[in-house]
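Colleague: Counting in UniProt numbering, the sequence shown runs from 1 upward without gaps.
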Amino acid sequence: MAKIPNFNKKDLKGNKNYRNIGLYLLMLIITVSIISSFFEPKSVTQQELTYSEFLEELK
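1) How long is the line joining the alpha carbons of I34 and L26, rounded to whole angstroms?
2) Assign L49 to one of three DSSP states: helix, strand, or coil.
3) Just checking my contact of L49 with E40 at CB under 8 Å: how many whole Å lie between their CB atoms?
4) What number of angstroms, rounded off, separates the C-alpha of Q47 from the C-alpha of F38?
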């Protein structure tokens, strides 16, 4: 049988700490991913080809 949660102030304090830790971890992950996206090498831009140019490249 499932345990019924006790919503005393003592329990809410513990849950709040876990929520704060989770929030800080989420913010850290987002910050690191945004910063690392600026330091990654730029991708090579591809030139668009018309269909006839594409066919000539295949020859």
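By construction, the Cβ of each residue, glycine as well, lies at the ideal position given by its N, Cα and C atoms.
Modeller: Reading from the atomic positions:
1) 12 Å
2) coil
3) So it is not a contact: roughly 26 Å between Cβ atoms.
4) 23 Å
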